[in-house]
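In the working numbering, the protein residues as written are -6 to 163.
Where a beta carbon is used, it is the ideal one built from N, C-alpha and C, also for glycine.
Treat the numbers as computed from the prediction; the structure is a model and nothing was measured.
One structure is given below, encoded as structure tokens.
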Ligand SMILES: CC(C)(COP(=O)(O)OP(=O)(O)OC[C@H]1O[C@@H](n2cnc3c(N)ncnc32)[C@H](O)[C@@H]1OP(=O)(O)O)[C@@H](O)C(=O)NCCC(=O)NCCS
């Protein structure tokens, strides 16, 4: 069969039961795609959340940030404004995945500054990422990333520093 470019789409269900959202603060201007799972998180103005994204309790996404499909923002993650989070970006907050003797988990925090770009398939351990930093595709970020640094690799290392005096915005 030869694909002729025409696709018959079934009508979208009204109100989309495909978006799970429980107890979130979502700005009305944010665009959340179907097949997403958001609970007890905050999503700012103009944010885009692509399909197959999960955003957990307590996570915060700043204004105009774009979260591409298949990314996971766990509890303890804060992403600033005007950031780009690529496809399949994984955040972590529990280094060992075993509970403490009292049954609780030792959750760590990750903060991403403003105007940060995170390449596809990057994994961030609990770290701080400075404003205007760039994280390469497939990086495993194990240490804090200074503002304006470009990092890549496993584990991620600084490739170069951006000239912040020349950056007006991302
Ligand atoms: C990290 C990145 C920003 C670096 O770009 P750059 O500054 O132009 O760097 P260069 O292409 O000049 O590469 C510099 C070196 O880093 C290496 N490198 C580049 N990107 C890398 C990555 N993601 N992981 C590992 N090494 C990488 C290059 O091989 C090169 O190594 P060499 O000096 O030994 O030849 C870019 O390669 C990248 O990964 N961008 C993310 C793309 C992405 O995921 N976009 C999402 C939207 S689809």
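| query | result |
| --- | --- |
| Determine contact between the stretch 96 to 104 and the stretch 63 to 75, defined as no fewer than three beta-carbon pairs at a distance below 8 angstroms. | yes |
| Taking all protein chains shown into account, do 16 or more other C-beta atoms lie within 10 angstroms of the C-beta of residue 150, making it buried, or fewer, making it exposed? | exposed |
| I'd like to check one pair, residue 38 with residue 56: are the Cβ atoms closer than 7 angstroms? | yes |
| What would DSSP say about residue 157, mapped onto helix, strand or coil? | helix |
| Residues in its own chain within less than 7 angstroms of residue 50 by CB, not counting five upstream and five downstream? | 32, 33, 34 and 68 |
| Measuring straight from C-alpha to C-alpha, what distance separates residue 78 and residue 94? | 35 angstroms |
| Kindly identify the DSSP beta-bridge partner or partners of residue 74. | Bridge partners of residue 74: none, in fact. |
| Taking the alpha carbon of residue 133 as the reference point, which residue from 18, 148 and 127 has its own alpha carbon closest? | 148 |
| How many Å lie between residue 90 and residue 98 at the Cα? | 8 angstroms |
| In this structure, how does DSSP classify residue 98 when only helix, strand and coil are distinguished? | coil |
| Are the CB atoms of residue 155 and residue 141 nearer to each other than 7 angstroms? | yes |
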